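Engineer: Numbering (my numbering), first residue to last: 7 to 346. Pasting a structure here, questions to come.
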Amino acid sequence: MALVGRGEHGIVKVLLAAGVAVALVVVGVLLARAQEWGPFEEADPQTRNVFAERAQYVDPLNRTRRAADQLRADGRADDADLLMRMAAVPSGIWLTPEQFPRGTVGEYVADLVASTEDRDEVPLFVLYGIPGRDCSGGFSAGGLEEESYRPWVQEVADALAVADATAAVVVEPDALASAPECDVVDQRVRLLGEAVDVLATAGVTTYVDAGHSDWVAVRPMAQMLRDVGIDRVRGFSTNVSNYQTDADELVFAERLSAALGGTHWITDRGRNGNGATEVWCNPDGRALGKLPGYVADGSGLDAYLWVKPPAESDGTCNQGPLAGEVYLDMAVDLARAAGW
């Protein structure tokens, strides 16, 4: 057995004392610096790619899942399996004032984000309540009166701010892209600018919708986004509810981002497996796109997502149900065309 002499014990005591002294000096320096720097703060949510930090939330009670359960009850087991696979893929949670009016939308958002925090998931909300909504298409027509729009958005933002939640929001698909043909550019820019102010102040990662590659050209879209205040939020979204290919959207988004000084973006790829046709409302022969996921290639592209749940109808066209309801035959066709 090794023996430790008195001299060795003395050396150990000296070394320990010296170590404690150094540690105290370091702590003192850090405290002094902290007083100079002020309190430490979390990174601005508009500078973060939240999809790279957390898995995206999947609503366990989404419409596609409920439709799959109904198919199974009807004896269509194979089709039910396809829809169950689709239901398990993360997609956007659409907030409309018809389904979630003022007085209820905030509570719904707060309850949902509370359920995601323990699992470190990020929900993607889609605001869809602008006055004159879907003015160019008509199948999703509706929305709020002008004076009611900001308070509705404020309720969503307040719920997210109070919960201190990690969440992302897409602001009003098609609202800017349809504004010129509906002759409502000034109104849309003003209302969307107010929404941007509210969400940015609440610290919510925000993407303002910019249409898609076969709609409004880069220059006028960039100007509308600047007027809305795109510099205050994370960026823009493209191809929401549409069918343009990843390749076409990438060219469009890169040019738009460059025109805006390097703004980030997300792209919806839920139904673009076979690209687009001239028909935008429940077109035949389409396919699911690739699965969603974040992008970490050093570009401005944050993620490819399924913003619109691909099983849901565009409207009462091509024998489809109301917009937002599950179109069973179309959903099955999309999945089979993608090789599922």
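A virtual CB, placed ideally from N, CA and C, is assigned to each residue, including glycine. As the structure is a computational prediction, the values presented were derived from the model and not from experiment.
Just verifying my parser: in three-state terms, what is the DSSP assignment at Thr-70?
Structural biologist: To locate residue 70, count along the sequence shown from 1; it is residue 64. Three-state DSSP puts Thr-70 in a helix.
Engineer: On the DSSP letters alone, give me the boundaries of the beta strand (DSSP E) that Thr-244 sits inside.
Structural biologist: For the purposes of this step, residue 244 is taken as residue 238 along the sequence shown, with counting starting at 1. Where Thr-244 is concerned, the enclosing beta strand (DSSP E) stretches over 241-244.
Engineer: Report the start-end ranges of each alpha helix (DSSP H) in the region 134-203 that is 4 residues or longer and not cut off at the edges.
Structural biologist: 152-169 and 181-188
Engineer: Contact between the region 287-297 and the region 254-272 is defined here as three or more beta-carbon pairs at a separation below 8 Å; is this criterion met?
Structural biologist: no
Engineer: Give the DSSP-derived three-state secondary structure of Val-35 in the structure shown.
Structural biologist: Residue 35 sits at position 29 when you count from the first residue of the sequence shown. In this prediction, Val-35 scores a pLDDT of 40, lower than 50, which makes its location untrustworthy; no coordinate-derived value is stated.
Engineer: Could you pull out every residue in the same chain whose Cβ sits closer than 6 Å to the Cβ of Pro-51, ignoring the five residues on either side in sequence?
Structural biologist: Here residue 51 refers to the residue found at position 45 of the sequence shown. The residues are Gly-209 and Thr-211.
Engineer: Measure the alpha-carbon distance for Pro-327 versus Ala-317 and round it to whole angstroms.
Structural biologist: Here residue 327 corresponds to residue number 321 of the sequence shown, with the count starting at 1. Here residue 317 corresponds to residue number 311 of the sequence shown, with the count starting at 1. Distance between the alpha carbons of Pro-327 and Ala-317: 11 Å.
Engineer: Do you know whose CA, among Glu-123, Gly-306 and His-218, lies nearest Glu-260's CA?
Structural biologist: Taking the first residue of the sequence shown as position 1, residue 260 is located at position 254. It is Gly-306.
Engineer: So what's Leu-294 in DSSP terms, helix, strand or just coil?
Structural biologist: Looking up residue 294 in the sequence shown gives position 288. Correct three-state label for Leu-294: coil.
Engineer: Under the three-state reduction of DSSP, which class applies to Phe-106: helix, strand or coil?
Structural biologist: Numbered from its first residue, the sequence shown carries residue 106 at position 100. Coil.
Engineer: Output the distance between the C-alpha atoms of Ser-146 and Ser-97, rounded to the nearest integer angstrom.
Structural biologist: For the purposes of this step, residue 146 is identified with residue 140 of the sequence shown, where counting begins at 1. For the purposes of this step, residue 97 is identified with residue 91 of the sequence shown, where counting begins at 1. Ser-146 and Ser-97: Cα-Cα distance of roughly 19 Å.
Engineer: I'd like to check one pair, Ala-173 with Pro-129: are the Cβ atoms closer than 8 Å?
Structural biologist: Walking along the sequence shown from the start, residue 129 turns up at place 123. Walking along the sequence shown from the start, residue 173 turns up at place 167. Closer than 8 Å, so yes.
Engineer: Flag this pair as yes or no: are the beta carbons of Asp-320 and Cys-287 separated by less than 8 Å?
Structural biologist: Counting from one through the sequence shown, the residue named residue 320 turns up at place 314. Counting from one through the sequence shown, the residue named residue 287 turns up at place 281. Yes; because the gap between Cβ atoms is below 8 Å, this pair is in contact.
Engineer: DSSP three-state label for Gln-76, please.
Structural biologist: Indexing the sequence shown from 1 puts residue 76 at position 70. In the structure shown, Gln-76 sits in a helix (DSSP, three-state: H, G or I).
Engineer: Hey, would you say Arg-194 sits closer than 8 Å to Ala-206, going by beta carbons?
Structural biologist: Counted from its first residue, the sequence shown places residue 194 at position 188. Counted from its first residue, the sequence shown places residue 206 at position 200. No, these two residues do not count as a Cβ contact at 8 Å.
Engineer: What alpha helix (DSSP H) runs, 4 residues minimum, are completely inside the region 251-324?
Structural biologist: 252-265
Engineer: Report yes if the C-beta distance between Leu-89 and Ala-74 is below 8 Å; otherwise report no.
Structural biologist: If you number the sequence shown from 1, residue 89 lands on position 83. If you number the sequence shown from 1, residue 74 lands on position 68. Cβ atoms of Leu-89 and Ala-74: closer than 8 Å.
Engineer: From the DSSP output, in three-state form, read off Glu-331 for me.
Structural biologist: Reading the sequence shown from its first residue, position 325 is the one you call residue 331. Three-state DSSP puts Glu-331 in coil, outside helix and strand.
Engineer: So the beta strand (DSSP E) Tyr-63 belongs to, where does it begin and stop?
Structural biologist: Here residue 63 refers to the residue found at position 57 when the sequence shown is read from its first residue. Counting along the chain, Tyr-63 falls outside any beta strand (DSSP E), and DSSP gives it neither H nor E.
Engineer: Using 8 Å as the limit for Cβ to Cβ distance, is Asp-189 near chain C?
Structural biologist: Of the protein chains in the structure, only one exists, and it is not chain C.
Engineer: Quick test of your reading: Glu-113 and Arg-60, contact by CB under 8 Å. State the CB separation rounded to the nearest angstrom.
Structural biologist: Locating residue 113 in the sequence shown gives position 107, where the first residue counts as 1. Locating residue 60 in the sequence shown gives position 54, where the first residue counts as 1. Incorrect: roughly 23 Å between the Cβ atoms, too far for contact.
Engineer: Is it true that the CB of Leu-150 sits closer than 8 Å to the CB of Arg-226?
Structural biologist: By one-based count along the sequence shown, residue 226 stands at place 220. By one-based count along the sequence shown, residue 150 stands at place 144. According to the sequence shown, residue 226 is Pro rather than Arg. Not in contact: Pro-226 and Leu-150 (Cβ atoms no closer than 8 Å).
Engineer: Please state whether DSSP places Asp-348 in a helix, a strand or coil.
Structural biologist: Nothing can be reported for residue 348, as the shown portion of the chain is limited to 7 through 346.
Engineer: What three-state label does DSSP hand Asp-215 in the structure shown?
Structural biologist: Sequence index remark: in the sequence shown, residue 215 carries index 209 (1-based). In this structure, Asp-215 counts as strand in the three-state DSSP scheme.
Engineer: Considering only DSSP beta bridges, list what Phe-131 is partnered with.
Structural biologist: Residue numbering aside, residue 131 sits at position 125 when the sequence shown is read from its first letter. Phe-131 is bridged to Ile-99 and Val-175.
Engineer: I'd like the span of the alpha helix (DSSP H) that includes Ala-83, first residue to last.
Structural biologist: Taking the first residue of the sequence shown as 1, we reach residue 83 at position 77. Per DSSP, Ala-83 belongs to the alpha helix (DSSP H) from 83-93.
Engineer: Taking the alpha-carbon positions, what's the Asp-170 to Arg-125 distance?
Structural biologist: Counting from one through the sequence shown, the residue named residue 170 turns up at place 164. Counting from one through the sequence shown, the residue named residue 125 turns up at place 119. Computed Cα separation, rounded: 15 Å.
Engineer: DSSP three-state label for Val-338, please.
Structural biologist: Within the sequence shown, residue 338 is the residue found at index 332, counting from 1. In this structure, Val-338 counts as helix in the three-state DSSP scheme.
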